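Take the position in the sequence shown, starting the count at 1, then add 8; the result is the number in our numbering. Each remark here refers to the structure printed beneath this line.
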Amino acid sequence: MKTYLWIGLGGALGALTRTGIGELISHESGFPIATFLVNMIGTFLLCFLGSGVLRKISVAKHIQDAMTTGFLGSFTTFSALSMETVLLFETGQSVMGVLYVGLSIVGGIIVGLLGFQCSQKKVAV
9 MKTYLWIGLG
19 GALGALTRTG
29 IGELISHESG
39 FPIATFLVNM
49 IGTFLLCFLG
59 SGVLRKISVA
69 KHIQDAMTTG
79 FLGSFTTFSA
89 LSMETVLLFE
99 TGQSVMGVLY
109 VGLSIVGGII
119 VGLLGFQCSQ
129 KKVAV
């Protein structure tokens with residue numbers, strides 16, 4: 009039960025952080041930059057932390073779950089990416105929609121690989 013509470017707390021904090029970033033970053037360009045940046049940062053962190061870094065530095069399992077499943081799971085958002093893409097297409101910005109999806113997929117893979125590679129370096133405690 010304790011793990012679920014920690015995941016819930018992490019999830020609430022991740023959602024609040026994502027919302028705060030979304031409010032700070034302008035959408036004037038038409039490109040959903042806030043969601044894109046949040047997803048890239050979250051992907052990097054999830055790959056970095058989820059590949060064993062948290063175990064290497066002896067973080068308790070319920071805290072690991074709070075950080076990865078909770079915080080990063082709610083911080084990043086596939087549903088917002090999907091909705092924003094549909095809105096771009098619905099408003100006649102098809103090129104921007106395709107660009108957004110393409111950059112999100114390719115960018116996510118690149119930052120994921122970077123996160124994983126960074127995690128493989130020796131972690132000093």
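Where a beta carbon is used, it is the ideal one built from N, C-alpha and C, also for glycine. Note that the structure is predicted; figures quoted are calculated from it, not measured.
Cβ atoms of residue j and residue i: under 7 Å apart, would you say?
i, j, result
"residue 78", "residue 15", "yes"
"residue 76", "residue 58", "yes"
"residue 55", "residue 97", "no"
"residue 80", "residue 107", "no"
"residue 70", "residue 10", "yes"
"residue 33", "residue 41", "yes"
According to DSSP, is residue i part of a helix, a strand, or is it coil?
i, result
"residue 68", "coil"
"residue 36", "coil"
"residue 125", "helix"
"residue 9", "coil"
"residue 119", "helix"
So, for residue i: in the same chain, excluding its five sequence neighbours on each side, which residues have a beta-carbon less than 8 Å away from its beta-carbon?
i, result
"residue 85", "26, 43, 46 and 47"
"residue 67", "75"
"residue 62", "71, 72, 75 and 76"
"residue 155", "In the structure as shown, the chain starts at 9 and stops at 133, and residue 155 therefore has no counterpart that could be examined."
Suppose the cutoff is 6 Å on Cβ atoms and the five residues either side in sequence are ignored; what does the same chain contact list for residue i look like?
i, result
"residue 19", "78 and 82"
"residue 120", "51 and 55"
If you drop the 5 nearest sequence neighbours on each side, which residues of the same chain put their C-beta closer than 7 Å to that of residue i?
i, result
"residue 39", "104 and 108"
"residue 99", "none"
"residue 112", "44, 47 and 89"
My parser needs the alpha helix (DSSP H) runs of 4 or more residues fully inside the region 53-113; what are they? 69-73 and 86-98
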